[in-house]
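**Q** Protein chains in written order, with this note's numbering: chain D, 1433 to 1646; chain S, 12 to 420. C-beta atoms are modelled at their ideal positions from N, C-alpha and C, and glycine is treated no differently. Note that the structure is predicted; figures quoted are calculated from it, not measured. The structure follows.
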């Protein structure tokens, strides 16, 4: 019932508005009908647009680019000078990361687990829902560890770590995941040369629409 | 407002209050929101005054599901919606470093890398480019995880598929801005990066930039809400929402994907054969019946089965509805206009006879893709797969009229 009465009120309101606007518009429309027709016939085409407008925006300064150009890619491009050790990484992890990720990187849901190689190298994540992805059993590139920690961690103060800190955390996490040993010093060259256990597990998207499910 | 106007309106209000013989109205400050549901017959007393922004009726209380943490999702109440457009304050949210608050006067977008001219654009600069408005859905690729990985009879449409929203976006095509900086031939990807605490970054094939990528600053006629990327976000129609980087501050033209955390550790699809699908951007066709659905109890007789269908590959071509668990299907009516990469409302009238029924919807898009059954989906992707859950959703109607999510159907 309420819906019906509302609909009637709405319809009434719309009818009133329509009536009001008709009264207002009709004389104008009558007066301008001829003009309107010729205006349509005479309208000029919109101006051709340039490939570049040339006046919006400005050149970026080298300092602006430096400040924001933080990404590190899978080839290691973007990795800064510096080096890190397991020992320093372990100290940093305990001080700044363990509060969310657990003392052993085991994760405190919903904060993800970081450490663990189980179930070794079988990569059963699709067929078995019980396994948890970690850096050691799932991440395909070691450079991502640097890129992500550097841009987003620690969660309360992203961007606060220096390159040596980030390299050290990478050394700690990669060693705990049994990807490198605890004596390996991590720098740009070492990091880009690490081959992660799950590196070859990733395939390009083969879905393309149409019939059939992939 | 001038003093004169204020006096006039106040006098009018006082007059109205006297006419109605009410003391209450005189005390009602001009511009105040009417307090709660009325006690008596609203046709016998004057209503409230106009307000600066309009509130919902106190009888309507749609709400998202804030998670109370900075990275959790807030599901949109899709079962409360009619039509196809998501109200701005009910668009779903999923953040990776909280909601960034950005001063539009301080905002700038850096476009650099393999370009002829590295450039910085202010928000005003970007708004001066020729703008377009397009209706598109945006959907988290984790949408549907609850219904697949953690299925329970009491799941609602909101908790199953509430991480999708649809509306009219306004902005500038990314291709327009790329022409301004001049893209070098060697650029095959671009990196999009947010200015939030997560500085979320995703690598996107350059073809998408030339196709339909937009830099958007408005949704449903007003500036983006902070939670949805104010003042500027990337919108890649049909692609998983994680790629539609919010608070966009940088686009870098590159010759290889970055392999950022959200395109390796997350947002990849492990498959049963021991591989993981990467750069699985497109959201395949799916649909869900939003009424009748849990939690509700229906009466015998006629019901409108109504829901949403969408495809990241184009228009919805057809939606079929079954009331007997997929044994027979009936073509539902689609609400025109059917838009490209947008929510499409489907409807089918159904007379319930009081016996157990299983309601299902099956979307078919213009490429001929058919939304898979749960069995087909599970055998193709595996029980542990993590994103792009687009199998057919089912609702069981029990003889007592109680509607529950069809776990395992």
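1) Contact criterion: CB-CB distance below 7 Å. Does residue 1523 of chain D meet it with respect to chain S?
2) Beta-carbon of residue 1540 of chain D versus every beta-carbon of chain S: anything under 7 Å?
3) Is the shortest distance between the beta-carbon of residue 314 of chain S and the beta-carbons of chain D less than 7 Å?
4) Which residues in chain S have a C-beta closer than 8 Å to the C-beta of residue 1554 of chain D? List them in chain order.
5) Could you tell me the boundaries of the alpha helix (DSSP H) in which residue 147 of chain S lies?
6) So that I know if they touch, is there some Cβ in chain D lying closer than 7 Å to that of residue 117 of chain S?
7) Along chain D, in chain order, which residues have C-beta atoms closer than 8 Å to that of residue 267 of chain S?
8) Since I believe residue 272 of chain S is in contact with residue 1576 of chain D (beta carbons under 8 Å), could you give me their beta-carbon distance rounded to a whole number of angstroms?
9) Fully enclosed by the segment 1563-1614 of chain D, which beta strand (DSSP E) runs are 3 residues long or longer?
10) Could you tell me how far apart the beta carbons of residue 398 of chain S and residue 280 of chain S are, in whole angstroms, since I believe they sit closer than 8 Å?
11) Check distances from the C-beta atoms of the segment 64-89 of chain S to those of chain D and list, in chain order, the residues that come in under 9 Å.
12) From the DSSP output, read off the bridge partner residues of residue 234 of chain S.
13) Is the beta carbon of residue 123 of chain S closer than 7 Å to that of residue 1492 of chain D?
14) Please identify, using Cβ separations under 8 Å, the residues of the segment 128-146 of chain S that lie next to chain D, in order along the chain.
15) Within 10 Å of its beta-carbon, does residue 388 of chain S have 16 or more other beta-carbons around it, so buried, or fewer, so exposed?
16) Can you tell me which of S:213, S:88 and S:189 puts its alpha carbon nearest to the alpha carbon of residue 256 of chain S?
17) Between residue 1564 of chain D and chain A, is the shortest Cβ-Cβ distance under 7 Å, so that the two count as touching?
18) What residues in the segment 325-351 of chain S bring their beta carbon closer than 7 Å to a beta carbon of chain D?
19) How is residue 36 of chain S classed by DSSP in three states: helix, strand or coil?
20) Evaluate residue 112 of chain S with the Cβ neighbour count: other Cβ atoms within 10 Å of its Cβ, from every protein chain shown; 16 or more gives buried, anything less gives exposed.
21) Using the three-state DSSP reduction, which class does residue 362 of chain S fall into: helix, strand or coil?
22) Identify the continuous beta strand (DSSP E) that holds residue 313 of chain S and give its terminal residues.
23) If you follow the beta strand (DSSP E) that residue 61 of chain S is part of, which residue opens it and which one closes it?
24) Determine the DSSP secondary structure at residue 273 of chain S, reduced to helix, strand or coil.
25) Where do the ends of the alpha helix (DSSP H) carrying residue 221 of chain S lie?
26) With 7 Å set as the bound, which would you pick, yes or no: does the beta-carbon of residue 123 of chain S sit closer than that to a beta-carbon of chain D?
27) Is it the case that the segment 1554-1565 of chain D contacts the segment 1577-1596 of chain D, given that we only count it when at least three CB pairs across the two stretches are under 8 Å?
28) Any beta carbon from chain S within less than 7 Å of residue 1461 of chain D's own beta carbon?
29) Kindly give me the distance between the Cβ atoms of residue 287 of chain S and residue 1633 of chain D, rounded to whole angstroms, as I take these residues to be in contact under 8 Å.
30) Would you verify that the beta carbon of residue 1492 of chain D is, or is not, closer than 7 Å to some beta carbon of chain S?
31) Please name the residue or residues paired with residue 241 of chain S in a DSSP beta bridge.
32) If contacts are defined as beta-carbon pairs under 8 Å, then residue 370 of chain S and residue 316 of chain S qualify, I think. What distance do you get, rounded to the angstrom?
33) Examine chain S for any beta-carbon lying closer than 7 Å to the beta-carbon of residue 1516 of chain D, and answer yes or no.
34) How should residue 339 of chain S be labelled, buried or exposed, when 16 other C-beta atoms within 10 angstroms of its C-beta is the threshold for buried?
35) Going by beta carbon distance, what residues of the same chain come within less than 7 Å of residue 379 of chain S, once the five residues before and after it are set aside?
**A** Let me spell this out:
1) no
2) no
3) no
4) 285
5) Premise fails: residue 147 of chain S lies in the beta strand (DSSP E), 143-150, not in any alpha helix (DSSP H).
6) no
7) 1505, 1506 and 1507
8) 6 Å
9) Segments of the beta strand (DSSP E) lying fully in the segment 1563-1614 of chain D: there are none.
10) 5 Å
11) 70, 78, 80, 81, 82 and 83
12) Answer is S:229, bridged to residue 234 of chain S.
13) For residue 1492 of chain D and residue 123 of chain S, yes; Cβs fall inside 7 Å.
14) 128, 129, 130, 131, 132, 133, 136, 137, 139, 140 and 141
15) buried
16) Residue S:213 is the option with its Cα nearest to residue 256 of chain S.
17) Considering every chain present, this structure includes no chain A. Its protein chains are D and S.
18) none
19) Low confidence applies here, because residue 36 of chain S scores a pLDDT of 43, under 50, leaving its location unreliable; read the following figure in that light. The answer is helix: DSSP assigns residue 36 of chain S an H, G or I state.
20) exposed
21) strand
22) 312-321
23) Premise fails: residue 61 of chain S is in no beta strand (DSSP E) and is neither H nor E.
24) helix
25) 217-222
26) yes
27) no
28) In this prediction, residue 1461 of chain D has a pLDDT of 48, which is less than 50 and means its spatial position is unreliable; nothing more can be read from the coordinates.
29) Indeed they touch by this definition, with Cβ atoms about 5 Å apart.
30) yes
31) Looking at the DSSP assignment, residue 241 of chain S forms no beta bridge with any residue, so it has no partner.
32) The beta-carbon distance between residue 370 of chain S and residue 316 of chain S, rounded to whole angstroms, is 6 Å. This is short enough to meet the 8 Å contact definition.
33) No, no contact with chain S.
34) exposed
35) none
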